[in-house]
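Protein chains in written order, with my numbering: chain S, 1135 to 1372; chain G, 1274 to 1527. Ideal placement from N, C-alpha and C gives every residue a C-beta, glycine not left out. Notes to accompany the following structure.
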Amino acid sequence: MSRDVVAVKDLHKTVAVGFRRRRVHILKGVNLSVAANEVFGLLGPNGAGKTTTVKVVLGLMRPSSGSVELGVEGLGRVGYLPENPYFYDYLSGREFLGFCAQLFGDDAATRRERVGALLEDVSLVEAADTHLRKYSKGMLQRIGIAQALINDPELVLLDEPMTGLDPVGRVEVKRIIERLHERGKTVLFNSHILSDVHELCSRIAIMRDGRVIWTGTVDEALAEAETLEEFFMRVVQA
Amino acid sequence: MRQVRAIAVNTFKETIRDRVLAVIVVFALVMIAGGLWLGSISLGEQGRMMKDFGLAAVTGFGLIVAVFIAASLVHKEVEKRTVFVLFSKPVSRGAFIGGKFLGLCGTMAVVLAGMGMFLFALVGVLDGHASGMVLVATAMIYVQLLTVMAVTIFFSTLGSAILASVLGICVFIAGQLSQNVLALTNLGKNPLTEALSWVVYVIIPNLAAVDVKAGVVGEQTLAWGQIALWTAYLAAYIVVVLALAAVIFRRKEF
């Protein structure tokens, strides 16, 4: 049995919102495990707690209770693409990736090589020296994926990687995720686009109202419904 | 340390290429050049007037750049969520604050060097000889503004960019009056007022202590020893304020 790269146990997160600091429970006991070399899809309606779960996994938010264990050696082996990524307007794609590589302590030669290879992987070689403020949404998404892979991570977390992309962009991102899987990486991604999830994921979890309400393989889901969409609606509305 | 350097270089590139900064600097240069006109209507005091007005313009525009960039920098990273990219990598909050500050130091150095050299050239043309003291005064303005930048970054970790800007400007003004606060401690008979004045004197950076503009314009001899000591004090003040900013920032969730 393969080891877990992410193990989330009974995760709770409460935040205070508004002037009166009203307490809102975002996560109400999330349990989740992602095995090595799995492409895992985290699904759920808006506000289900998917992004918060990922942020807690990354340490961007602290859990109120519960635990998160990473089966990799710290954030140095993790890559992350946030939802609707925004980067530095006045840096070029090449400079931005170089900057990200520097944060991992890469030397100049390794940096150049890695940045060049990633720019090719995400098909941005021609726009490499253009300022990011001139990039389209799809190009920003691709440079975002490239920065997530700059440290050759074992675990890649992608928050809505297909959102806002045209069909060509979506195909390119899907190919990148497939290549990551072929190279033995573990991918956890949030998405609303169920056809992509169907195509890419080996296992999925469905969240609703701060909890994981269903976990299983795509085949298990499809055994209970004709399409993943139908299964998703059935689980979420149950 | 590599991370601090990377963040500093990135911050420098990002801020120095910002068109808003270029507009402010061009406007500042026009204002400094406006000192030529002021000089022309003052009898026999053209050089002195140019220095006085020019250094005031360097301070004013330098303050605008320092406060608004410092206030928006951390805030922008949080608002536009670039912090997600940074802190999902093994980057400490302290390295982030330190790198941002050092990057801004570079930007301010370029901005003030540009304005200072321009003023130096204008004074040289008017007086017929170059006055290196204008550059010394600009360097001391730089020290003052670095302090204001550190304080503004500190405030930006606590609240909004606008609040941080306003408080940064308030600290700059209060820093010019710091000596007066100390004088209050000698005047007061009330021990509470005296204690309060001391607290304010310690908290507010004494920016007036490194302000050599009047001495440079009046061509007086400067007390270099004292200026060096007060510069060291401001450097220590900056380190403490940035350390506090890092502690507060470490508690933030995104």
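Relative to the C-alpha of A1508 (chain G), which candidate in G:G1387, G:P1478, G:K1362 has its C-alpha closest?
Here residue 1508 (chain G) refers to the residue found at position 235 of the second sequence. Ranking the options by Cα distance to A1508 (chain G), first place goes to G:P1478.
Between the CA atoms of M1195 (chain S) and K1189 (chain S) - distance to the nearest angstrom
Numbered from 1 along the first sequence, position 55 holds the residue referred to as residue 1189 (chain S). Numbered from 1 along the first sequence, position 61 holds the residue referred to as residue 1195 (chain S). If I take the Cα positions, the gap works out to 6 Å.
If I follow the unbroken alpha helix (DSSP H) through A1242 (chain S), where does it start and stop?
In the first sequence, residue 1242 (chain S) corresponds to position 108, counting from 1. Segment 1242–1255, the alpha helix (DSSP H) holding A1242 (chain S).
According to the neighbour-count rule (16 or more other Cβ atoms, all chains shown, within 10 Å of its Cβ), is W1310 (chain G) buried or exposed?
Position 37 of the second sequence holds residue 1310 (chain G). Exposed is the call here.
Identify which residue in G:F1427, G:V1520, G:L1419, G:V1475 has its Cα closest to the Cα of A1339 (chain G).
Position 66 of the second sequence, counted from the first residue, corresponds to residue 1339 (chain G). Closest option to A1339 (chain G), Cα to Cα, is G:L1419.
Mark A1519 (chain G) as exposed unless 16 or more other C-beta atoms lie within 10 angstroms of its C-beta, in which case mark it buried.
As a position in the second sequence, residue 1519 (chain G) is number 246, starting the count at 1. Burial call: buried.
Residue-level contact to chain S via CB, R1366 (chain G), 8 Å cutoff:
As a first step, residue 1366 (chain G) is located in the second sequence; it is residue number 93 there, counting from the start. No - not a single Cβ of chain S is within 8 Å of the one on R1366 (chain G).
Sub-8 Å separation of I1476 (chain G) and I1426 (chain G) beta-carbons
Looking up residue 1476 (chain G) in the second sequence gives position 203. Looking up residue 1426 (chain G) in the second sequence gives position 153. No, the Cβ-Cβ distance between I1476 (chain G) and I1426 (chain G) is not below 8 Å.
CA nearest to the CA of L1399 (chain G), picked from G:A1306, G:V1513, G:A1281, G:V1298
Residue mapping note: residue 1399 (chain G) aligns to position 126 of the second sequence, counting from 1. Here the closest residue by C-alpha is G:A1306.
Does the structure place the region 1349–1364 of chain G close enough to the region 1211–1225 of chain S that three or more beta carbon pairs sit under 8 Å?
yes
Please go through the same chain and pick out, in chain order, the residues whose beta-carbon is closer than 6 Å to the beta-carbon of L1302 (chain G), but skip the five residues on each side of it.
Against the second sequence, residue 1302 (chain G) aligns to sequence position 29. Counting only Cβ-Cβ distances below 6 Å, and skipping sequence neighbours, we find F1391.
So within the region 1327–1387 of chain G, which uninterrupted alpha helix (DSSP H) runs reach at least 4 residues, ignoring any that extend past its ends?
1355–1360
From the DSSP output, in three-state form, read off E1217 (chain S) for me.
Here residue 1217 (chain S) refers to the residue found at position 83 of the first sequence. In this structure, E1217 (chain S) counts as coil in the three-state DSSP scheme.
Leaving out five residues on either side along the sequence, give the residues of the same chain with a beta carbon under 6 Å from the beta carbon of M1341 (chain S).
Looking up residue 1341 (chain S) in the first sequence gives position 207. Excluding positions up to five away in sequence, the list reads G1178, A1182, G1183, K1184.
Helix or strand or just coil, what does DSSP make of K1162 (chain S)?
Taking the first sequence and counting its residues from 1, the one referred to as residue 1162 (chain S) is at position 28. Strand.
Please decide whether F1365 (chain S) counts as near chain G, where near means a Cβ-Cβ distance under 8 Å.
Mapped onto the first sequence, residue 1365 (chain S) falls at position 231. No, because no Cβ of chain G sits closer than 8 Å to the Cβ of F1365 (chain S).
C-alpha distance - M1422 (chain G) paired with L1395 (chain G), whole-angstrom precision
Here residue 1422 (chain G) is taken as the residue at index 149 of the second sequence, counted from 1. Here residue 1395 (chain G) is taken as the residue at index 122 of the second sequence, counted from 1. Rounded to whole angstroms, M1422 (chain G) to L1395 (chain G) spans 28 Å at the Cα level.
Return the residue from the list S:V1321, S:F1153, S:V1331 that minimises the CA-CA distance to A1169 (chain S).
Here residue 1169 (chain S) refers to the residue found at position 35 when the first sequence is read from its first residue. Nearest of S:V1321, S:F1153, S:V1331 to A1169 (chain S), Cα basis: S:V1321.
Would P1374 (chain S) count as contacting chain G if we go by Cβ distances under 8 Å?
Residue 1374 (chain S) falls outside the range modelled here, since chain S spans only 1135 to 1372, and no answer is possible.
Figure out for me which residue from G:F1360, G:M1406, G:F1374 has the closest Cα to the Cα of V1490 (chain G).
Here the question's residue 1490 (chain G) lines up with position 217 in the second sequence. It is G:M1406.
Tell me the DSSP secondary structure of M1439 (chain S) in three-state form.
Limits of chain S in this structure are 1135 at one end and 1372 at the other, which puts residue 1439 (chain S) out of reach.
Thinking C-beta only, is L1334 (chain S) closer than 8 Å to E1308 (chain S)?
Residue numbering aside, residue 1308 (chain S) sits at position 174 when the first sequence is read from its first letter. Residue numbering aside, residue 1334 (chain S) sits at position 200 when the first sequence is read from its first letter. It is worth fixing the name first, because residue 1308 (chain S) is Lys in this sequence and not Glu. Yes, they are a contact pair.
Just the chain G side, please: which residues come within less than 8 Å of R1196 (chain S) by C-beta, in chain order?
As a first step, residue 1196 (chain S) is located in the first sequence; it is residue number 62 there, counting from the start. What R1196 (chain S) touches in chain G: E1526.
For the beta strand (DSSP E) that R1088 (chain S) lies in, which residues bound it at each end?
Nothing can be reported for residue 1088 (chain S): it is not among the residues displayed for chain S, which extend from 1135 to 1372.
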